[in-house]
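Numbering (the working numbering), first residue to last: 12 to 622.
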């Protein structure tokens with residue numbers, strides 16, 4: 012950005028402003044005039060009363076006509092038609108009737124929601140209330156609910172469509188005619204709207220979502236669309252890889268683009284540190300045979316001072332060494348299109364530098380301290396990412412929370428804080444009665460399994476031999492049962508569409524992950540309608556399926572002794588998830604019940620968390 016850039020943006024902005032508002036009043040006046048009613052209406056032909064009772068009108072379309080003095084019954088209606096000669100035709104049409112002897116009861120009340128298969132990280136509701144709920148219900152007092160918000164939506168700052176058009180036209184003229192980048196235009200701080208999308212949608216994106224103004228002085232048709240998010244440089248492998256890692260969720264149990272469950276977790280590439288603390292940044296393997304005459308196996312190797320690579324080529328090799336698993340210099344040479352012996356020398360330099368940088372933190376953590384990691388008192392932390400071992404001294408989030416490191420943490424696989432897993436075989440209980448088979452207890456199906464006892468699902472990476480037969484992997488494997496929502500004695504209820512066995516996962520309770528302030532605010536609406544879909548996950552976060560959820564929200568309450576389901580909040584790859592399991596074998600077609608706990612039913616004036 013040059014020193015003249017701010018003055019160029021300011022002058023262009025003033026010019027466009029005056030041009031636009033010289034056109035806008037005339038355009039608006041013309042549009043308003045076009046809405047005026049057309050006064051040139053055709054003549055209205057009057058119809059006399061005799062026309063309505065004239066029995067001489069012919070029948071039409073084979074429908075028998077009757078004298079209009081006859082009053083319509085509950086099973087007939089009158090059809091009036093006027094032909095081109097302004098002649099009125101009438102007909103009594105008999106309707107088909109069906110006699111219903113049964114009493115029709117109204118459908119049970121319910122709240123619709125957006126279907127969701129995973130939890131959605133919502134956080135808090137907007138500070139500004141979009142509308143006042145139950146505005147036509149005199150029994151609902153919205154005062155407290157309104158005061159829980161910062162203001163009403165109509166009080167928010169209004170984005171004027173005229174200003175948006177002026178800003179975009181200014182950007183087009185400055186960018187395409189004067190050669191100033193979008194980043195430099197934003198850097199001047201002169202335009203009232205930010206052009207690029209950052210933490211909020213920018214003016215360029217908003218303009219694409221809006222209908223363009225038919226302004227004749229606009230240069231929109233002369234140039235290509237304004238660039239919003241600049242694509243990474245073609246030869247900058249690090250930036251391209253970072254963009255990819257930002258787009259895709261790094262959570263091992265997710266791996267989705269634009270993930271809604273772990274929106275706050277992003278993997279940041281730091282080439283000065285290994286991907287996992289305490290491990291080598293990169294490891295070179297030896298090749299069995301030379302790959303070419305210039306292979307490092309043929310020797311002699313080049314000296315580092317003799318290698319002439321550009322900074323761009325060196326950076327690309329460093330990124331490959333950072334991201335690649337242990338491999339041979341021959342394979343790297345094919346990727347970089349460089350001589351093998353030169354690649355081997357430079358890779359050795361990267362390994363040397365990584366070991367030297369990590370040498371100061373080469374100390375082991377002894378006797379790690381762990382707290383109670385069971386819900387609802389435990390709140391999980393974000394995966395740790397730091398240099399050195401996992402300890403409070405290095406700022407490890409897991410250590411500070413007295414928690415085990417999860418699979419998404421960037422510490423070494425040998426970290427002392429990682430969960431050690433289980434090694435549970437299937438158990439066979441011998442039967443001493445004739446004609447009775449031995450009972451086989453599947454692996455990890457009782458509290459003898461350390462993972463199950465700690466309310467954690469097994470991790471196949473560390474647990475052995477946990478595979479498909481493991482009974483403590485049902486949430487990860489999405490083994491929910493087929494269910495349907497039907498009418499029951501308690502309104503709407505959830506029914507099984509297949510048989511289930513004791514311990515089977517029937518459903519996972521999913522919804523929006525909300526914080527405590529939003530839970531307190533939404534509770535006022537739940538109390539008014541007498542239905543709450545909130546399940547307390549821990550002391551800070553709740554799962555609310557009021558606006559997004561799955562059929563599990565329709566499970567009705569029953570005392571624990573009568574309920575056929577039970578809830579377990581399990582730790583799955585670093586996050587808490589709510590599994591609903593069968594307490595016993597249940598036949599197909601049975602309604603499902605769950606004990607909501609002592610906080611049910613909802614008492615007026617109280618704010619309680621209930622599933």
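Cβ coordinates follow ideal geometry from the N, Cα and C atoms, glycine included.
Where residue 530 is concerned, the enclosing alpha helix (DSSP H) starts and stops at 527-540.
In the displayed model, residue 356 falls within a helix according to three-state DSSP. Around the Cβ of residue 454, a 10 Å sphere holds 16 or more other Cβ atoms; the residue is buried.
Assignment of residue 591 by DSSP, reduced to helix, strand and coil, places it in the strand class. In its chain, beyond the 5 residues on either side, 203 and 204 have a beta carbon closer than 8 angstroms to the beta carbon of residue 174. At a Cβ-Cβ threshold of 8 angstroms, residue 201 and residue 27 do not count as neighbours.
Under the Cβ criterion (8 angstroms, minimum of three pairs), the stretch 508-519 does not count as touching the stretch 542-556. Along the stretch 211-279, the alpha helix (DSSP H) occurs as fully enclosed runs of 4 or more residues at 214-219 and 248-258, listed in sequence order.
Beyond the five residues adjoining it in sequence on each side, residue 124 comes within less than 6 angstroms, by CB distance, of 558, 559 and 560 in the same chain, given in chain order. Residue 470 holds the alpha-carbon nearest to the alpha-carbon of residue 582 among 499, 33 and 470. Going by C-alpha positions, residue 191 is about 11 angstroms away from residue 199.
Under DSSP, residue 508 shares a beta bridge with no residue. When beta bridges are read from the DSSP output, residue 555 appears opposite 523 and 545. When C-beta atoms of the stretch 565-579 are compared with those of the stretch 596-609, three or more pairs fall below 8 angstroms, so the two segments count as touching. Annotation: residue 495 to residue 294 spans about 53 angstroms, alpha carbon to alpha carbon.
The Cβ-Cβ distance between residue 466 and residue 280 does not fall below 8 angstroms. With a cut-off of 8 angstroms on Cβ pairs, the stretch 497-513 is not in contact with the stretch 100-115, counting fewer than three such pairs. For residue 102, no alpha helix (DSSP H) encloses it; the enclosing beta strand (DSSP E) starts and ends at 99-105. A contact between stretches requires three or more CB pairs, one per stretch, nearer than 8 angstroms, and the stretch 128-143 meets this requirement with the stretch 153-164. The beta carbon of residue 359 sits closer than 8 angstroms to the beta carbons of 295 from its chain, once the five residues preceding and following it are set aside; these are given in chain order. Under the three-pair Cβ rule at 8 angstroms, the stretch 255-274 counts as touching the stretch 128-138. Taking residue 184 as the centre and dropping the five residues before and after it, the same chain places the C-beta of 23 closer than 6 angstroms to its C-beta, in chain order. Between residue 529 and residue 152, the gap from beta carbon to beta carbon reaches 8 angstroms or more. Distance check between residue 245 and each of 323, 172 and 232 places 323 closest, using alpha-carbon atoms only. Under DSSP, the beta-bridge partners assigned to residue 567 are 604. By the C-beta density criterion, residue 88 is exposed, having fewer than 16 other C-beta atoms within 10 angstroms.
Using a C-beta cut-off of 8 angstroms, the stretch 411-431 makes contact with the stretch 584-593, since at least three inter-stretch Cβ pairs fall below that distance. Under the criterion of beta carbons closer than 8 angstroms, residue 458 and residue 464 qualify as touching, at roughly 4 angstroms. Distance between residue 412 and residue 18, taken at the CA atoms: about 52 angstroms.
In this structure, residue 31 and residue 532 do not form a Cβ contact; the two beta carbons are roughly 42 angstroms apart against a cut-off of 8 angstroms. The straight-line gap separating the alpha-carbon atoms of residue 116 and residue 500 is approximately 13 angstroms. Boundaries cannot be given for residue 15, as no alpha helix (DSSP H) includes it and DSSP labels it neither H nor E.
Within its own chain, the residues whose Cβ lies closer than 7 angstroms to the Cβ of residue 395, once the five positions on either side in sequence are excluded, are 401, 407, 408, 409, 416, 420, 421 and 422, listed in chain order. DSSP lists 104 as the beta-bridge partner residues of residue 88. For residue 495, the three-state secondary structure derived from DSSP is strand. Residue pairing of residue 416 in beta bridges, as defined by DSSP: 429.
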